[in-house]
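Q:
Protein chains: 2
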Amino acid sequence: MSGLHILTKGWAYRLLMLPDGRRQIAGFLIPGDICMTEVPDVRLDFSLSSLTDSTYLHLSNQTLDRLRAAYPAVGEGLAIHNHVASAILRNWVLNLGQRNAFERIGHLFCEMLIRLRCIGMAENDGYHFPVTQIELAEATGLTPVHVNRTIQDMRARGLVSLQNRELKILDFARLANLVMFDPAYLHPVTGGCAQDG
Amino acid sequence: MSGLHILTKGWAYRLLMLPDGRRQIAGFLIPGDICMTEVPDVRLDFSLSSLTDSTYLHLSNQTLDRLRAAYPAVGEGLAIHNHVASAILRNWVLNLGQRNAFERIGHLFCEMLIRLRCIGMAENDGYHFPVTQIELAEATGLTPVHVNRTIQDMRARGLVSLQNRELKILDFARLANLVMFDPAYLHPVTGGCAQDG
DNA sequence: CGCAATATTGAAATAAGTCAAACCGTGTGG
DNA sequence: CCACACGGTTTGACTTATTTCAATATTGCG
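Protein chains in written order, with my numbering: chain X, 890 to 1086; chain G, 890 to 1086.
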């Protein structure tokens, strides 16, 4: 393999575009996520955008090799990270293909809660969510208008509150159940936090 | 990393399911594709189904290590394969999120043509396509009824013919243009076939 | 203060879904 | 050799989730 770029601070997203301008967000990145792997002779099919002030760490091929050699757990950790990243992506396919507007948005809210919890960036089922409704629409394959109405529906049902980029899940159990969120694909977890052997 | 399972003959697909029974196909696998990577302590989030009589090759951890050591190109090849597999998945997200029924199905037809060509399993823009309309619906997030009507539309426009599991793209240039298919994400290719250095 | 980007609301249009029936090829068994 | 059952395809009529268009708040911010 080759070098890696890791997001170390802030939020970002992976963007895919169609020649006629249609935009699809194919994943949100938070600290700890690998946003890109360098592979020789392969063109990138996506672009990255930061949502907030963010910083990145670049690990070169050699650095990575040395790390792997010195700490075998590094290689294993990368393998797990890769697997989870694929699982998240596959799950996004499931979302777009099978879930309706309510379920898509609710599922994203739940997923980000668990992922942020794992890195200590969520408390009490609430977290900073620096994503506009327009971007949320680009992520869920919906219209901004419909995203808006759906969020209002969630508010009316007392499931979430969202204002000033602060999201709070008011009834996680009910929301998770309604949108069929099962955190298993994010990794074997305990109370929302990864357990490393 | 760990062991690998490679499809060596036949077609298969990766299936995701929701607890209420909704099914989403998250990718078709053809010979040469890695259908699964063994990662310790990680539960699989998908299942695999064969569409035709198929065979698999299992490469154990040790075998793989030995291969990689003896032939450096193996490691690089795997990295490229991984990258392309992710790109295909991301593209499927783009499909489901932004393309309409016609574009989704047409895009899949184009993608499979190029991928099959690379392994010598397509000729003259035609190939064996062992996927029922029901499965095609599960892959595209559409209804079988709507898939049917869309294919009829394609037939009526003289773009494809499909009967007895044999698909022929009658006007590839026009179809690719209509559905905005750009093979770049499948790998730098020449005439549909991968060029390895 | 006033712009520019977001968020919200309403009404009308449409792509895709649902339900239900008919059709078709094909293999099987009487 | 016909009848029938089976999985898949096709068709029609009707419903609905989501989009579109367009206008009106609202908010952050230089």
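In this text, a Cβ means the ideal position worked out from N, Cα and C, and glycines have one as well.
Which residues in the same chain as Pro-1019(X) place their Cβ atom closer than 8 Å to its Cβ, once the five residues preceding and following it in sequence are excluded?
A: Counted from its first residue, the first sequence places residue 1019(X) at position 130. If we look at Pro-1019(X) and ignore the five residues flanking it on each side, its Cβ neighbours are Trp-900, Leu-940, Thr-941, Arg-1054.
Q: For a contact defined as C-beta to C-beta under 8 Å, what are the partners of Asn-980(X) on chain G?
A: Residue 980(X) sits at position 91 when you count from the first residue of the first sequence. Per Cβ cutoff of 8 Å: Leu-905, Asp-934.
Q: Residues of the stretch 958 to 972 of chain X with a CB closer than 9 Å to any CB of chain G: list them in chain order, please.
A: Hits within the stretch, in order: Gly-964, Glu-965, Leu-967, Ala-968, Ile-969, Asn-971, His-972.
Q: What would DSSP say about Ile-1058(G), mapped onto helix, strand or coil?
A: Here the question's residue 1058(G) lines up with position 169 in the second sequence. Correct three-state label for Ile-1058(G): strand.
Q: Going by DSSP, what residue range makes up the beta strand (DSSP E) through Ala-1073(G)?
A: Counted from its first residue, the second sequence places residue 1073(G) at position 184. Taken as a continuous stretch (DSSP letters only), Ala-1073(G) belongs to no beta strand (DSSP E), as it is neither H nor E.
Q: Is Gly-1081(X) close to chain G, meaning its C-beta is less than 8 Å from at least one C-beta of that chain?
A: As a first step, residue 1081(X) must be located in the first sequence, where it is residue number 192. Because Gly-1081(X) carries a pLDDT of 49, less than 50, the predicted location of this residue cannot be relied on, and the following value inherits that uncertainty. Gly-1081(X) does not count as touching chain G.
Q: Identify each residue in the stretch 917 to 941 of chain X for which the Cβ-Cβ distance to at least one residue of chain G is less than 8 Å, and report them in chain order.
A: Of all residues in the stretch 917 to 941 of chain X, Thr-926, Val-928, Pro-929, Asp-930, Val-931, Arg-932, Asp-934, Phe-935 have a Cβ within less than 8 Å of some Cβ in chain G.
Q: Using a Cβ-Cβ distance under 8 Å, would Ser-975(G) count as near chain X?
A: Position 86 of the second sequence, counted from the start, is the residue given in the question as residue 975(G). For Ser-975(G), the answer is yes, since a Cβ of chain X falls inside 8 Å of its Cβ.
Q: Report buried or exposed for His-947(G), applying the criterion of at least 16 other Cβ atoms within 10 angstroms of its Cβ.
A: On the second sequence, residue 947(G) is found 58 positions in, with the first residue counted as 1. His-947(G) comes out exposed.
Q: Once you ignore the five residues that flank Leu-985(G) on each side, which residues in its own chain have a CB closer than 6 Å to its CB?
A: In the second sequence, counting from the first residue as 1, residue 985(G) sits at position 96. Gly-1030.
Q: Whole-angstrom Cβ separation of Gln-913(G) and Gln-987(X), contact assumed at under 8 Å?
A: The residue you call residue 913(G) lines up with position 24 of the second sequence. The residue you call residue 987(X) lines up with position 98 of the first sequence. Right, the Cβ-Cβ distance comes to about 5 Å (below 8 Å), so this counts as a contact.
Q: Helix, strand or coil for Val-1036(X), going by three-state DSSP, please let me know.
A: Translated into positions along the first sequence, residue 1036(X) becomes position 147. Residue state, collapsed to three classes: helix.
Q: Using a Cβ-Cβ distance cut-off of 8 Å, determine whether Tyr-1074(G) contacts chain X.
A: Counted from its first residue, the second sequence places residue 1074(G) at position 185. Yes, its Cβ sits closer than 8 Å to a Cβ of chain X.
Q: Report all residues from its chain with a CB closer than 6 Å to the CB of Glu-992(X); omit the five preceding and five following residues, and keep chain order.
A: As a first step, residue 992(X) is located in the first sequence; it is residue number 103 there, counting from the start. The residues are Val-1068.
Q: Just to confirm before moving on: does the CB-CB distance between His-1076(X) and Val-928(G) stay below 8 Å?
A: Residue numbering aside, residue 1076(X) sits at position 187 when the first sequence is read from its first letter. Residue numbering aside, residue 928(G) sits at position 39 when the second sequence is read from its first letter. No, the pair does not count as a contact, with Cβ atoms beyond the cut-off.
Q: Within this structure, are the beta carbons of Leu-896(X) and Cys-924(X) separated by less than 8 Å?
A: Along the first sequence, read from residue 1 onward, the residue named residue 896(X) stands at position 7. Along the first sequence, read from residue 1 onward, the residue named residue 924(X) stands at position 35. Yes, the Cβ-Cβ distance between Leu-896(X) and Cys-924(X) is below 8 Å.
Q: Strictly under 8 Å for the Cβ-Cβ distance: is Pro-908(G) near chain X by that measure?
A: Start at 1 with the first residue of the second sequence, and residue 908(G) comes out as number 19. Yes - at least one Cβ of chain X is within 8 Å of the one on Pro-908(G).
Q: Can you give me the start and stop residues for the beta strand (DSSP E) that Glu-939(X) sits inside?
A: Translated into the one-based positions of the first sequence, residue 939(X) becomes position 50. The displayed chain sequence assigns Ser, not Glu, to residue 939(X). Here the beta strand (DSSP E) through Ser-939(X) covers 936 to 939.
Q: Go to Ile-923(X), then tell me how far its beta strand (DSSP E) extends in each direction, as first and last residue.
A: Indexing the first sequence from 1 puts residue 923(X) at position 34. That run of the beta strand (DSSP E) goes 923 to 926.
Q: State yes or no: is the beta carbon of Leu-983(X) nearer than 8 Å to at least one beta carbon in chain G?
A: Start at 1 with the first residue of the first sequence, and residue 983(X) comes out as number 94. With 8 Å as the cut-off, Leu-983(X) counts as an interface residue toward chain G.
Q: Can we count Ala-915(G) as close to the ligand GTP, meaning its CB is less than 7 Å from some heavy atom?
A: Absence of the ligand GTP from the depicted structure is noted, as is the absence of any ligand whatsoever, leaving it without description.
Q: Buried or exposed for Asn-980(X), going by 16 or more other Cβ atoms inside 10 Å?
A: As a first step, residue 980(X) must be located in the first sequence, where it is residue number 91. Classification of Asn-980(X): buried, given that the 10 Å Cβ count is 16 or more.
Q: Counting only Cβ pairs nearer than 8 Å, list the residues of chain X close to Met-1069(G).
A: Within the second sequence, the letter at position 180 stands for residue 1069(G). Those within 8 Å of Met-1069(G) in chain X are Leu-907, Pro-908, Asp-909.
Q: State whether the stretch 992 to 1001 of chain G contacts the stretch 959 to 966 of chain G, with contact taken as three or more CB pairs (one from each stretch) at a distance under 8 Å.
A: With the cut-off at 8 Å, the stretch 992 to 1001 of chain G and the stretch 959 to 966 of chain G do not touch.
Q: Under three-state DSSP, which class holds Met-1010(G)?
A: By one-based count along the second sequence, residue 1010(G) stands at place 121. Reduced to three states, the DSSP call for Met-1010(G) is coil.
Q: Looking at the structure shown, is Thr-1029(G) part of a helix, part of a strand, or coil, going by DSSP?
A: What you label residue 1029(G) is simply residue 140 of the second sequence in a count that begins at 1. Residue state, collapsed to three classes: helix.
Q: Which class does Gly-1080(G) belong to by DSSP, given the choice of helix, strand or coil?
A: Residue numbering aside, residue 1080(G) sits at position 191 when the second sequence is read from its first letter. The predicted position of Gly-1080(G) is uncertain, since its pLDDT is 49 and thus under 50; no value can be drawn from it.
Q: Under 9 Å between beta-carbons, which chain X residues line up against Ser-891(G)? List them in chain order, please.
A: If you number the second sequence from 1, residue 891(G) lands on position 2. Correct list: Glu-965, Ala-968.
Q: Taking the beta carbon of Asp-1021(G) as the centre, do at least 16 other beta carbons fall within 10 Å, making it buried, or is it exposed?
A: Reading the second sequence from its first residue, position 132 is the one you call residue 1021(G). The question names Asp, yet the displayed sequence has Thr at residue 1021(G). So Thr-1021(G) counts as exposed.
Q: For Leu-1048(G), which residues of its own chain have a beta-carbon under 8 Å away from its beta-carbon, when the five flanking residues on both sides are left out?
A: Counted from its first residue, the second sequence places residue 1048(G) at position 159. For Leu-1048(G), where only same-chain residues beyond five positions count, the Cβ hits under 8 Å are Gly-995, Ile-1058, Leu-1059, Asp-1060, Arg-1063, Leu-1064, Leu-1067.
Q: When you compare the CB positions of Val-982(X) and Ala-974(G), do they come within less than 8 Å of one another, or not?
A: In the first sequence, residue 982(X) corresponds to position 93, counting from 1. In the second sequence, residue 974(G) corresponds to position 85, counting from 1. It is not a contact, given that the beta carbons lie outside the stated cut-off.
Q: Under 8 Å between the Cβ atoms of Thr-926(G) and Ser-891(G)?
A: Looking up residue 926(G) in the second sequence gives position 37. Looking up residue 891(G) in the second sequence gives position 2. Yes. Within cutoff.
Q: DSSP beta-bridge partners for Arg-903(G)?
A: Start at 1 with the first residue of the second sequence, and residue 903(G) comes out as number 14. Arg-903(G) pairs with Leu-937(G).
Q: Report the rounded CA-to-CA distance for Met-1010(G) versus Tyr-1016(G), giving the unit in angstroms.
A: Your numbering for residue 1010(G) matches position 121 in the second sequence. Your numbering for residue 1016(G) matches position 127 in the second sequence. Using only the alpha carbons, I get a separation of about 7 Å.
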